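Working notes, structure below.
Numbering (the UniProt record's numbering), first residue to last: 1 to 63.
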């Protein structure tokens, strides 16, 4: 498994980063393509995030 960061970018430069483990970048891309509705997760600093995927302007994948 590899570690990836999914970066959700909103208006005015606001971004939220979700760290996940996946077998490959292709697996992460597949997860992103299936996203709709609300996204919920707790980051490594124990901050809870919940937002509508409709508000996301750009999604980036980083290693």
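Idealized CB from N, CA, C, for every residue including glycine.
On a predicted model such as this, the values are computed, not experimentally measured, just so you know.
From residue 23 to residue 61, what does the alpha carbon distance come to, in whole angstroms? 14 angstroms
From which residue to which residue does the beta strand (DSSP E) around residue 7 run? 2-9
Check whether residue 36 and residue 53 have beta carbons under 8 angstroms apart: Taking 8 angstroms as the Cβ cut-off, residue 36 and residue 53 qualify as a contacting pair.
Check the C-beta distance from residue 18 over to residue 43 and give it rounded, since I have them as a contact under 8 angstroms. 7 angstroms
Enclosing alpha helix (DSSP H) for residue 28 [first to last residue]: 25-33
Kindly identify the DSSP beta-bridge partner or partners of residue 58. 9
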